[in-house]
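Every letter in the sequence shown is one number past the one before it in my numbering, and letter 113, counting from 1, is 237. So the structure is just underneath, and the comments pick up after that.
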Amino acid sequence: MQGPPVVDELQPPNRTLMGPGPSDVHPRVLGAMNKPLLGHLDTAFLEVMDEVQELLRYVFQTSNEFTIPVSGTGSAAMESVITSLVSPGDVVLIAENGYFGDRMAEMAARAGGEVSRISAPWGEPLDTGSAERALKQVDPDLFGFVHMETSTGVLQPEVATLTELAHEAGALTIIDTVASLGGVEFRTDDWDVDVVYSGAQKCLSCPPGVSPVTLSDTARDRLLDRTDTPRSWYLDLALLAEYWGDERTYHHTAPISNVYALRESLRIVAEEGLEQRWERHERVASGLQVGLEALGLDLATDEAHWSPSLTTVHVPDGVDPDTVISRLLAEYGIEIAGGLGNLAGEIFRIGCMGYSARSANVLHLISALGQLLADEGAKVDVDAGVAAASGVLSDGSDQTHEPSVPM
Ligand SMILES: *Cc1c(COP(=O)(O)O)cnc(C)c1O
């Protein structure tokens, strides 16, 4: 039999990733993935694991002992938490105001949970009044919601209040921070959150492959006291705790190079400073917002619920969003995304995450998107868009916090 055709060495095109994830990865993080492999029980690797756990506690703003990266993408982190904490018959309340809340509810149902949903319209956060009523009525064991709903760009406010209400109702909180951790303020301990999971390839700007999870001592006790066996073996956090905890017992081979990459991306977060990083996201994304409006576009998310990590904007009348998205990629090398689910065809989703959250990217995007929209027949003012964005972006005195662009 003939062998397969020999393909050329991989040469991915240069892109500027400004969609809802993945974001651009700092060259230092790619470099970390080039380092020689260690065995997953090598003492040198055990040290790397300790360092990663300590850095993760910093970005989660927690002292939780149970803080680990789960193998897999954000959905694996979500499933590890759900499958490990939801026993068949447990009552689970999930806020559903977008695509990812729906995914959480679907996983909880598959884990055998009795799932109730509080729905808010897509594009709006959950309000504390309806959460309070639902918590009283449903009396759940667990209450899950998304901090930044990537399908709509809505940031959930009042996390601490929601957590308090859940605790009053005797429920533990599970919060999805896949698209906010490391880019938007989140304080696990101050807000008294029980379970938080995230992803690597959004505001942490790390290749997808390992995903952070943290459990409060109360949540960890619930996990360890569980008497029935979770349906997933691979994602069973109680088993993973034996590898990431003191025992360091083999469970599955850790994705070594991804752990290296996460370590480097977290080191970059620590060097910049978490609060400075939140400020940078806010400033750079404000430039984006102001620039889009000055182009003549309508933002799709209310200012009060806007998340710096993702800005959503209405597709102007008469323009085909898919054409604009593919031309932006083909002609300018910039990736953005369209709407998901209920908002398909209605909005553009533009990310400003981690290493991608830089002034130069925003200015490039505003001028490229403006020119393309004009070319596609929309009424936009490209010069006004660029001028407004640069007004905001050159105004920041803390430009030095922006990671430097490699040449
Ligand atoms: C991206 C995302 C996920 C899923 O993460 P994957 O890495 O694609 O598995 C979950 N929740 C939110 C809010 C996300 O933005």
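Note that the Cβ used here is the ideal one computed from N, Cα and C, for glycine as well. Computed from a prediction, not measured in an experiment: that's the story for all the values here.
Please name the residue, chosen from the options, that lies closest to residue i on a Cα-to-Cα basis.
| i | options | result |
| --- | --- | --- |
| Gly323 | Glu371, Asp360 and Val270 | Val270 |
| Arg387 | Leu467, Val414, Met173 and Ala508 | Met173 |
| Thr274 | Ala461, Ile490 and Leu359 | Ala461 |
| Glu395 | Pro128, Leu179, Gly155 and Ala156 | Leu179 |
| Asn110 | Trp368, Val504, Asp341 and Gly222 | Residue 110 lies beyond the range of the chain shown here (125 to 531); nothing can be said about it. |
| Pro212 | Asp166, Thr353, Tyr374 and Leu286 | Thr353 |
| Asp148 | His488, Ser450, Val383 and Lys326 | Lys326 |
| Ala255 | Ser208, Leu217, Gly198 and Ser195 | Leu217 |
| Thr287 | Thr297, Val278, Gln280 and Leu434 | Thr297 |
| Leu250 | Arg227, Thr276, Ala219 and Glu230 | Ala219 |
| Asp214 | Gly237, Met202 and Gln400 | Gly237 |
| Glu578 | Leu493, Asp263 and His429 | In the structure as shown, the chain starts at 125 and stops at 531, and residue 578 therefore has no counterpart that could be examined. |
| Ser240 | Ser410, Gly225 and Glu248 | Gly225 |
| Pro432 | Leu412, Asp446, Ser329 and Ala258 | Leu412 |
| Arg355 | Ser491, Ser514 and Leu209 | Leu209 |
| Ile471 | Pro440, Leu497, Ala498 and Ile490 | Pro440 |
| Phe310 | Pro331, Gly333 and Ala284 | Ala284 |
| Pro160 | Gly307, Val383 and Tyr374 | Val383 |
| Leu452 | Val320, Leu279 and Leu496 | Leu496 |
For residue i, which of helix, strand or coil comes out of DSSP?
| i | result |
| --- | --- |
| Pro151 | helix |
| Met231 | helix |
| His438 | strand |
| Asp522 | Any reading at Asp522 needs caution, since the residue's pLDDT is 49, under 50, leaving its predicted position unreliable; the model's value is listed next. Of the three classes helix, strand and coil, the one that applies to Asp522 here is coil, per DSSP. |
| Glu133 | coil |
| Ser356 | coil |
| Ala293 | coil |
| Glu220 | strand |
| Thr287 | helix |
| Ala461 | strand |
| Trp315 | coil |
| Tyr479 | helix |
| Val334 | strand |
| Val320 | strand |
| Val215 | strand |
| Pro530 | For Pro530, the predicted model reports a pLDDT of 43, less than 50, meaning its position is unreliable and no value from the coordinates is stated. |
| Asp422 | coil |
| Leu141 | strand |
| Val516 | helix |
| Val282 | The question names Val, but residue 282 in the sequence shown is Glu. Reduced to three states, the DSSP call for Glu282 is coil. |
| Pro128 | coil |
Which residues mark the beginning and the end of the beta strand (DSSP E) in which residue i is found?
| i | result |
| --- | --- |
| Ser243 | Glu238 to Ser243 |
| Ser195 | Phe190 to Ser195 |
| Phe472 | Ile471 to Gly475 |
| Val183 | Where Val183 is concerned, there is no enclosing beta strand (DSSP E), although the alpha helix (DSSP H) it sits in stretches over Thr167 to Phe184. |
Taking the alpha helix (DSSP H) that residue i belongs to, which residues open and close that run?
| i | result |
| --- | --- |
| Leu347 | Asp341 to Asp349 |
| Arg366 | Reading the sequence as shown, one finds Glu at residue 366 and not Arg. Start and end: Leu361 to Trp368. |
| Val578 | Nothing about residue 578 can be read from this structure; the chain reaches only from 125 to 531. |
| Val270 | Unbroken run through Val270 is the beta strand (DSSP E), Leu266 to Val270; no alpha helix (DSSP H). |
| Gln413 | Leu398 to Leu419 |
| Lys260 | Thr252 to Val262 |
| Val448 | Pro445 to Tyr456 |
| Leu209 | Gly198 to Leu209 |
Mind checking if residue i is an interface residue toward chain B, Cβ cutoff 8 angstroms exclusive?
| i | result |
| --- | --- |
| Ala424 | No chain B is present in this structure, which holds just one protein chain. |
Contact between the region 478 to 489 and the region 282 to 297 (3+ Cβ pairs under 8 angstroms): no
Around ligand 1, Cβ to any heavy atom closer than 7 angstroms, ordered along the chain: Pro144, Gly145, Thr197, Gly198, Ser199, Ala200, Met202, Phe224, Arg227, Val270, Met272, Glu273, Thr274, Asp300, Val302, Ala303, Gly323, Gln325, Lys326, Pro332 and Ser335
Cβ contact check for the region 455 to 472 and the region 139 to 147: 3 or more pairs under 8 angstroms: yes
Touch test, the region 150 to 160 against the region 359 to 373, Cβ-Cβ under 8 angstroms, three pairs minimum: Contact fails: fewer than three Cβ-Cβ distances are below 8 angstroms.
Inter-stretch contact at 8 angstroms, needing at least 3 Cβ pairs: the region 501 to 508 / the region 397 to 409: no
Cβ pair count under 8 angstroms reaching 3, the region 366 to 376 against the region 333 to 348: no
Cβ contact check for the region 434 to 448 and the region 469 to 476: 3 or more pairs under 8 angstroms: yes
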